Ligand SMILES: *[C@@H]1O[C@H](CO)[C@@H](O)[C@H](O)[C@H]1NC(C)=O
Ligand SMILES: *[C@@H]1O[C@H](CO)[C@@H](O)[C@H](O)[C@H]1NC(C)=O
Ligand SMILES: *[C@@H]1O[C@H](CO)[C@@H](O)[C@H](O)[C@H]1NC(C)=O
Ligand SMILES: *[C@@H]1O[C@H](CO)[C@@H](O)[C@H](O)[C@H]1NC(C)=O
Ligand SMILES: *[C@@H]1O[C@H](CO)[C@@H](O)[C@H](O)[C@H]1NC(C)=O
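Numbering (the working numbering), first residue to last: 2 to 539.
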């Protein structure tokens, strides 16, 4: 078919769509993020942080379902830079995902404007840099997507919301940390744990008798956390965009890359209480605290801190199984979550991904099914769009673990649009894993110990009310299984949320595709797309 004839038609249609949609469309919110170095001292030692608009952590993006969020990111660092929006699905547009497989990085002293829509999303999310080790020293922040006024939210309205970003922290510069990894060594243990950039100095002022919401995101590089509030219980209402059964917890584990929202009723005696985040599965345990201040209280919070689990793996796995979908609750749209009977949809394909830590060319790497990912100069998505050969090969990663020698490569696994896929993450290492998928949420149907096999489906899978989310933990020497409907066309990052692992190759891309070119399934390359590698200039 002659492309030259069809091109003007597409462009014309696109222009028409734009004109049409401006009238009919959802509200726009504009942000400028100026990214600079600046001195910070979260652990009392002055060091170079990365700030957004002078702030650490970065500003919160507050918006409503279906809002168009336009963020002009101005890079004033000395290195190329990108932000990714963790859990924002970027429907039909992996072009906006902000990872090196889809975007050219923003060069120093330059800018790029993301154009995203919070299409059919609600919930608590985060953003952070996806380039190098930048996020180790800042430039992360929260994204809170609220329900539209017409949507019934399945919990009592809190009087106020608090947003908490929990991060592990190193006193080292990001370039030093990068050098350690580049030389083939594992990242050292973190020096501390922070809540909103502080070890202990956050105070949250509340009124006795009232109901508050806590939106908590684990933006750490390496460590799962346990979150709790002295003498108060946490009623879980949402994880990563799903309304959960409102179970009450003394404390909750939140793994790297995950988010959760709790309601907290202020019904204890009038005094102050500790808010605690502590690391899981680490030695030693690191702790960050904040203060829940009852207005009018003159009593400081009292020690001891409430105790939380430290190394108990089964405790965590059992708790994970209690996080379930409220089938009658709305999500972002006014249809009950349970009307989507995911357990009855036939699986079109099963894929098993095993993580490992091989030595390749004399250096420590991390791999998935023996391939340790390395970014080509040309983003995969751009190579795909312009049919540039030699950048990646489809199915350059096997769909099952095997024992071929480990190698470095640009792994892409192809799926057909609307495939319904079972993915098993097999972890044969003695460290916890956390896996994140861009572009789609998935049902976390099962967690189990040892080696996965097909007979475990019957015994362990929750095919009724498992919750959907974007990041799943995999316990040491265990497996986790997810179901995902590949209904978002594009090139999507499937990565270890544990950053040194991702930096050294524990990631791949999932290409969701059909041959029909249509703006109903995927948007065209943005007009302002940055160019790099073999990408044509226009
Ligand atoms: C850079 O920012 C300017 C406004 O300061 C904007 O007009 C321009 O579109 C931005 N460039 C890109 C590539 O987004
Ligand atoms: C918490 O409650 C228990 C009783 O339920 C009480 O013994 C304890 O002193 C309380 N702690 C604080 C810090 O108020
Ligand atoms: C589930 O959602 C409904 C709203 O549809 C709400 O009334 C109910 O309390 C929720 N149930 C639980 C257990 O969270
Ligand atoms: C790339 O190849 C496909 C299939 O051959 C074709 O439909 C498409 O138009 C090509 N893209 C470009 C930008 O040439
Ligand atoms: C599957 O795994 C379970 C638990 O490890 C084990 O008991 C069972 O024998 C395995 N079944 C097969 C067919 O390998």
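Don't be surprised by glycine CBs; every beta carbon is placed ideally from N, CA and C. Every value quoted in this text rests on a predicted model; they were computed, and no experiment measured them.
Query                                                                                                            : Result
Option in 31, 170, 88 and 325 with minimal Cα separation from residue 46                                         : 170
Whole-number beta carbon distance between residue 444 and residue 484, since they are thought to touch under 8 Å : 5 Å
Counted within 10 angstroms of its Cβ, other Cβ atoms place residue 31 as buried (16 or more) or exposed         : exposed
Proximity test, residue 387 beta-carbon vs ligand 4 heavy atom, cut-off 8 Å                                      : yes
Short Cβ contact (9 Å threshold) for residue 104 with residue 537                                                : no
Top-ranked residue by Cα proximity to residue 87, from 493, 502, 507 and 504                                     : 493
Where residue 229 falls, given that 16 or more other Cβ within 10 Å makes a residue buried                       : buried
As assigned by DSSP and simplified to three states, the class of residue 183                                     : helix
Residue 146 versus residue 241: straight-line alpha-carbon distance, rounded                                     : 10 Å
For residue 533: DSSP bridge partner residues                                                                    : Beta-bridge pairing links residue 533 to no other residue.
Length of the line joining the Cα atoms of residue 17 and residue 389                                            : Low local confidence applies: a pLDDT of 38 at residue 17 is under 50, so the model's placement there is unreliable, and no value is given.
Residues passing the C-beta test against ligand 5 heavy atoms, cut-off 5 Å                                       : 451, 454 and 456
Pairwise C-alpha distance: residue 113 and residue 194                                                           : 32 Å
Three-state class that DSSP yields for residue 177 in the structure shown                                        : helix
Three-state class that DSSP yields for residue 29 in the structure shown                                         : strand
Closer than 8 Å: residue 1 CB and nearest ligand 4 heavy atom                                                    : Residue 1 is absent from the model: the chain starts at 2 and stops at 539.
Residue(s) in a DSSP beta bridge with residue 368                                                                : 357
Residue 484, enclosing beta strand (DSSP E) - first and last residue                                             : 479 to 487
Residue 336 versus 243, 324 and 320, residue with shortest Cα-Cα distance                                        : 243
For residue 387 and residue 530, the rounded distance between their alpha carbons                                : 13 Å
Local Cβ density within 10 Å of residue 22, reported as buried at 16 or more and exposed below that              : Low per-residue confidence applies at residue 22: pLDDT is 44, beneath 50, and the placement is therefore not dependable, though the value from the model is reported in the following sentence. Exposed is the call here.
Residue environment, residue 175, which counts as buried when at least 16 other CB atoms sit within 10 Å         : buried
CB contact check: residue 154 to chain D, cutoff 9 Å                                                             : Going by chain labels, chain D is absent from the structure shown, which holds only one protein chain.
Spatial distance of residue 158 from residue 239 (CA atoms)                                                      : 13 Å
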